[in-house]
Every structure is written in C-alpha cells, then in structure tokens.
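Participant: Got a structure for you, questions after.
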Amino acid sequence: MEQNQPAEQPNKPTRWSPKKHSTFGRLVFISAIIGGVIATLYAWHLPPFNTNTVYSNNAYVRGQTTLISAKVSGYVKEVFVQDFNQIGENQALIQIDEAPYQAKVAQAKANLLGQSAALKQIAQSRLSADANIQISKSAIENAKAQLHRAQLEFNRINQLIKTNSASKREQDQAVAALTQAETALQQARQQYTIAEQNRLNVNDNNEKLTAGVESAEAMLNLAQQDLENTLVKAPVAGTLSEISVKKGQFVSVGSQLMFIVPPKRWVIANIKETDMANVNIGQAVKLSVDALNHQQFNGKVVEISPATASEFSIIRADSGTGNFVKIAQRIPVKIEFTPDQADLDKILAGMSVEVEIDTSSAKDQSSQY
C-alpha cells in the first residue's frame, strides 16, 4: 500500500525591492560629487582658489610680422634665400632684373646733361641781354645830349633870324638837326624797351630751364631709387616665412614676396572685463604654451588696451535694436616674456597660451587700469 505524499506547494511570487546601498557606497558617491565641484572651482580659478589670480586661455603669441613686397616690377633674376631662413638686417633677398632700370638711369642722366647745357647757354644770353640794356641806356643819354645841343642851336638861329643875322638855310638846317635829334632819342628809347623785353624773356627762359634741370635731377633720383629697389633687402632681422616667388617669375609693384618674423615675441591675452579690476601694468604672469606641452614661462604685464577688443572691430555690434543679450567684453592685455628663459626660441607667433596674472604681485602704480 502506497503512502500518501503531501502535494508540492507552488512558489509564492516575491516583490522587487531596491538593493540597499551600504554606508560606504554613499560616502564614495558624495565624495565624488564634492571632488568634482572642487575640481571645477580650481580649474576655473573660482573662490576660494586663487582669488588673487586672473586666468585666461584666450591668449595668443604675437610678433611684429613684416611684409616684404616688390617696389618695382620686373622678372625675378635671383632668389638668395630659402624658406624659413634666419636673416640679418639689410641682407639681400631677391634680385629683380635691373637692366631696364639701368637704361632709365642712363636716359635720366642724358636728360639732365641736356637741361644743364641749356641752362648754361641761357646764362650767357642773360649776360648779353644785360649788356644790351646798358648800351641802350647809354644811347638814350647820348641822344638826350644831342637833342639838347640841337635845341640850343635851334633857339640861337631863331634869335639871329629876328635880327636878320642868320639865313633861311641855317634856320632849315637847325630845324632838321632838332628833328633828327628827337627821332634819335625816340629810337634809343625804343631800343631800350626792346632790350628790357629781351631780358624778361631771357629771365622767363632761365626760370623754365632751371625748373627743367630740377625736374631732370628728380627724374634721375627716381630712376636711381628704382634701380636700387631691384635688389630687395630685409628691413629687419628675423626668420623668413615661405617664399612665394621663384626665379624667372614676373612681379609687379606691391606683389607679396615673403614675410619676416622678428625674434621678439609677446602675448596678447583677452581678459574678461569683470576680471580687470585688479590687473595692472608690471604684475607677474605665468604663461603655459599649448604647443610645447604646456611648458611654463614667466612674464609680466606691460600694456593694457585703452578699449575693449570689440571697439576695434570693423563691424561693431549694435545693441540699440532687437533683443539685448549682455556679453562680457574682453580687454586685450600685452604680456612680455621674461628674458633669458630656456626654449624661448621655440615660441612662435600665433601659438595658443594660457595665462595666470598674479594681481597681488608688484605693479606700476602710475599705470593702473
């Protein structure tokens, strides 16, 4: 006889309940949140961290880049340098074909010689004109004397005619002599007028020829300058950019040939206006260059812009129309590197920089922002 076994009871459904966290887990979670907040405050240099430091990553290395362009047109005869060469001041860079400009110099010299010869000739004409004036003056004085004698003789004959002491023939001769003397004086005066006019003409020609000589000298100077400008020289020492012209290429006036970047570098940091209250000239700065694995350099504030960066924009924002959104403006601050630091030569214009200005450091009290 089989024994009766009890029937299996079905499993009762269980309710889900959230897993209870341990006290240790809660502490880890809270610590992570607090650590994140602290890291954020530290990264952004917010209180209570570095309240005496102004930070900005809106900063870039700058240099006084010099554009080298052609002052004369022509074919490039020779290129004396290569891309990125170190060059000195007044070093020869490019030679433009000088033959046409040598011809212009020769032509200008010939023109100057011709104008100078004409001026010398007019000088002789001026002396001759002055001499003719003196001769005409003497002729007038002589004619006046002859007229005076003829007048006296005429008066004497007229007195003799009244007493029948002179003949009619003598009277006619006296009248003719007087008329001839008057005519001679008139002619002498006319000759003097002509001589004066000739001298005026000579003076006018002298002024024109003098101006011609001066113009010829100026043309010669310009031709010589153009000839000198066929040899392109470096106005400053520095490092060359990529050279954009080749031998045999035609260049015109103003054609861009290359750039020269001088060795001196500085940083322009665009600081928020809300951070500028304690920024002054002379304060110490720490600089971190992105391209050099954030290598640290020292510097100092040397200049502060007189206006925000937006004031120098070509197209300025108009806040008088539409919806206004206040945006914190940025003020450019010029920072110079402290001399004689290692790897300064590796810093190139255009590199990105992070700056920290120590507003508690020494400052130029006469140049506060």
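The opening position of the sequence shown corresponds to residue -19 in the numbering used here, with each subsequent residue numbered one higher. C-beta atoms are modelled at their ideal positions from N, C-alpha and C, and glycine is treated no differently.
1) Using the rule of at least 16 other Cβ atoms within 10 Å of the residue's Cβ for burial, across every protein chain shown, is PHE277 buried or exposed?
2) Mind checking whether LYS100 and ASP77 have CB atoms under 9 Å apart?
3) One question on the structure: do ILE137 and GLN160 come within less than 9 Å of each other, judged by their Cβ atoms?
4) Please tell me whether GLY192 and GLN66 are closer than 9 Å, where the distance is taken between their beta carbons.
5) Below 8 Å CB to CB, which residues in the same chain sit around GLN321 once its five sequence neighbours on both sides are set aside?
6) What distance in whole Å lies between the Cβ atoms of THR288 and ILE311, which are believed to be in contact at a cut-off of 8 Å?
7) Using only alpha-carbon positions, find the residue among LEU189, VAL182 and ILE337 that is nearest to ASN112.
8) Compute the beta-carbon to beta-carbon distance between VAL216 and GLU69, rounded to the nearest angstrom, for a pair I have assumed lies under 8 Å.
9) Out of LYS84, GLU334, TYR40 and SER235, which has the shortest C-alpha to C-alpha gap to ILE48?
10) Helix, strand or coil: how does DSSP classify GLU58 here?
11) Have a look at the DSSP bridge pairing and note the partners of LEU220.
12) How big is the Cα-Cα spacing for GLY218 and ALA88?
13) Would you identify the three-state DSSP class for PRO80, choosing helix, strand or coil?
14) Tell me the rounded alpha-carbon separation between SER347 and ASN273.
15) Count the other CB atoms within 10 Å of the CB of ASP184; is the residue buried (16 or more) or exposed (fewer)?
16) How would you write the range of the alpha helix (DSSP H) that ASP338 sits in, first residue to last?
17) Per DSSP, what kind of secondary structure is LYS188 in: helix, strand or coil?
18) Per DSSP, which residues does PHE277 bridge with? Please list them.
19) Where does ILE295 fall in DSSP's three states?
20) Would LYS314 and ILE284 be called neighbours here (beta carbons separated by less than 9 Å)?
21) Got a sec, what are the start and stop residues for the beta strand (DSSP E) THR143 sits in?
22) Decide yes or no for the touch test of the region 161 to 174 against the region 115 to 124: beta carbon pairs closer than 8 Å, at least 3 of them.
23) Give the DSSP-derived three-state secondary structure of THR45 in the structure shown.
24) Please report the straight-line C-alpha distance between ASN32 and VAL259, rounded to a whole angstrom.
25) Using a Cβ-Cβ cutoff of less than 6 Å, which residues in the same chain neighbour ALA271 once the five nearest sequence positions on both sides are dropped?
26) How big is the Cα-Cα spacing for GLU334 and ILE18?
27) Can you tell me where the beta strand (DSSP E) with VAL313 in it begins and where it stops?
28) So the candidates are TYR35, ILE295 and VAL225; which of them puts its Cα closest to the Cα of GLU253?
29) Roughly how many whole angstroms lie between the Cα atoms of ILE14 and THR45?
30) In angstroms, rounded to a whole number, what distance separates the CA positions of SER180 and ILE174?
31) Considering only the alpha carbon of each residue, which of GLY43, LYS148 and PHE230 lies closest to THR210?
32) Please classify LYS306: is it buried, with 16 or more other beta-carbons within 10 angstroms of its beta-carbon, or exposed?
33) Does the separation of the CB atoms of SER406 and VAL241 fall below 9 Å?
34) Using CA atoms only, rank isn't needed, just tell me which of LEU324, THR318, ASP323 and SER293 is closest to GLN309.
35) If we ignore side chains and look at the alpha-carbon of each, how far apart do ALA130 and GLU121 end up?
36) Nearest by alpha-carbon distance to VAL59: which of LYS280, LYS213 and LYS142 is it?
Facilitator: This is what the structure gives:
1) Answer is buried; the Cβ neighbour count reaches 16.
2) no
3) no
4) Contact check for GLY192 against GLN66 fails: the beta carbons are separated by 9 Å or more.
5) PHE277 and ASN278
6) At roughly 5 Å, the Cβ-Cβ gap stays under 8 Å, so ILE311 and THR288 are in contact.
7) VAL182
8) Contact annotation, VAL216 with GLU69: C-beta distance approximately 6 Å; criterion of less than 8 Å satisfied.
9) SER235
10) strand
11) LEU220 has ILE240 as its beta-bridge partners, per DSSP.
12) 37 Å
13) helix
14) Unreliable placement is indicated for SER347, whose pLDDT of 46 sits below 50; no coordinate value is reported for it.
15) Exposed, because fewer than 16 other Cβ atoms sit within 10 Å of the Cβ of ASP184.
16) ASP338 -> not in any alpha helix (DSSP H); beta strand (DSSP E) instead, spanning 332 to 338.
17) Looking at LYS188 - three-state DSSP - the assignment turns out to be helix.
18) Bridge partners of PHE277 according to DSSP: LEU267.
19) Coil, per DSSP.
20) Yes. Within cutoff.
21) First-last for THR143: undefined, no H or E at that position.
22) yes
23) coil
24) 10 Å
25) MET331
26) Roughly 21 Å separates the two Cα atoms.
27) Counting along the chain, the beta strand (DSSP E) containing VAL313 begins and ends at 310 to 317.
28) For GLU253, the nearest C-alpha among the options comes from TYR35.
29) Rounded to whole angstroms, ILE14 and THR45 show a C-alpha spacing of 48 Å.
30) Before going further, note that residue 180 is Leu rather than Ser in the sequence given. When rounded, the distance between both Cα atoms is 10 Å.
31) PHE230
32) exposed
33) Nothing can be reported for residue 406: it is not among the residues displayed for the chain, which extend from -19 to 349.
34) SER293
35) 14 Å
36) LYS213
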